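**Q** Chains as they are written, first to last, in our numbering: chain S, 2 to 112; chain Z, 139 to 251.
Glycine included, C-beta positions come from ideal geometry on N, C-alpha and C.
Just so you know, these numbers come straight off a predicted model, no measurement behind them.
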Amino acid sequence: DQQVKQNSPSLSVQEGRISILNCDYTNSMFDYFLWYKKYPAEGPTFLISISSIKDKNEDGRFTVFLNKSAKHLSLHIVPSQPGDSAVYFCAAPQGAQKLVFGQGTRLTINP
Amino acid sequence: DVKVTQSSRYLVKRTGEKVFLECVQDMDHENMFWYRQDPGLGLRLIYFSYDVKMKEKGDIPEGYSVSREKKERFSLILESASTNQTSMYLCASSFPRDSNEQFFGPGTRLTVL
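1) What does the alpha-carbon distance come out to for the pair S228 of chain Z and T246 of chain Z?
2) In the DSSP assignment, what are the bridge partners of G245 of chain Z?
3) Is DSSP giving D32 of chain S helix, strand or coil here?
4) At least one CB of chain Z closer than 8 Å to the CB of E43 of chain S: is that the case?
5) Run down chain S in chain order and give the residues with a C-beta less than 7 Å from the C-beta of F186 of chain Z.
6) Please list the residues of the region 237 to 250 of chain Z that have a C-beta atom closer than 9 Å to any C-beta atom in chain S, keeping them in chain order.
7) Between the region 165 to 173 of chain Z and the region 216 to 233 of chain Z, do at least 3 Cβ pairs fall closer than 8 Å?
8) At the level of alpha carbons, what is the spacing between T109 of chain S and L181 of chain Z?
9) 8 Å is my cut-off, CB to CB: does G105 of chain S come that close to chain Z?
10) Here's the rule: buried if 16 or more other CB atoms are within 10 angstroms of the residue's CB, otherwise exposed. What is P112 of chain S?
11) Kindly say whether L67 of chain S, judged by its beta-carbon, lies nearer than 8 Å to any beta-carbon of chain Z.
12) Run through the DSSP bridge pairs and tell me what N238 of chain Z is partnered with.
13) In whole angstroms, what is the alpha-carbon distance linking F63 of chain S and I49 of chain S?
14) I'd like to know whether the C-beta of G178 of chain Z is nearer than 8 Å to at least one C-beta of chain S.
15) Enumerate, from N- to C-terminal direction, the unbroken alpha helix (DSSP H) stretches of 4 or more residues contained entirely within the region 17 to 75 of chain S.
16) Tell me which same chain residues have a C-beta within less than 7 Å of the C-beta of V101 of chain S, skipping the five on either side of it?
17) Let me see if you follow: with CB-CB separation under 8 Å, is P94 of chain S close to chain Z or not?
18) With DSSP as the reference, label D197 of chain Z as helix, strand or coil.
19) Please determine, among Z:E210, Z:L214, Z:S220 and Z:V250, the residue with the shortest C-alpha to C-alpha distance to V204 of chain Z.
20) So with Cβ pairs under 8 Å, would you call L159 of chain Z a contact of chain S?
21) From which residue to which residue does the beta strand (DSSP E) around L251 of chain Z run?
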């Protein structure tokens, strides 16, 4: 059972526009979420996180929004740049040790 | 700076071979993890370890085993490689805390022929 879901396998956005990546979760016990970015042939790197006590967290061009009632979070990238082309994973902690990851969304920024 | 290294970036093995993937972290993290990444399936946890000599099965442990003899090193073993184990293998480490933020190595692209 997929507890964290990213239903869009891919997204294509023009450079300079906004990229919005979505993530849904089913476990209402999740209270913290992380976004990772992964380039080909590299390991994922941490991008931004949000605690359930907030509904928004911003870091430069990246903002994550959390809608607890809808069990939905989204990552906004504004403005999108070619270097943002990567696979993005959302994740949630499960227990004291593990992370549960979504399937990932491949973002392509077109010049 | 945080560092997780993996012994090989690319590996080609034959069906039936025993394969060892090594991971080393220099952050004194208690937790270490092995994932595989396949298109459309995201990151799936194979095994993890929360202390030396301790291990727990993840979501897809079949066909794999692990070894953690030292805190900084976590090995993934494919006892008899099969073609369906062709994948990207990622090692990660973390401290046990609420955020569970994990730090990943560069990955090993394993091809089993």
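**A** Here's the rundown:
1) The question names Ser, but residue 228 of chain Z is Leu in the sequence shown. Near 7 Å, if we compare the C-alpha coordinates of T246 of chain Z and L228 of chain Z.
2) Paired residue(s): none; G245 of chain Z is not in a bridge.
3) coil
4) yes
5) Q98 and K99
6) S237, N238, E239, Q240, F241, F242, G243, P244, G245 and R247
7) yes
8) 20 Å
9) yes
10) exposed
11) no
12) Looking at the DSSP assignment, N238 of chain Z forms no beta bridge with any residue, so it has no partner.
13) 8 Å
14) yes
15) none
16) Q4, V5, A92, A93 and Q95
17) yes
18) coil
19) Z:L214
20) no
21) It is not in any beta strand (DSSP E) - L251 of chain Z carries neither H nor E in the DSSP assignment.
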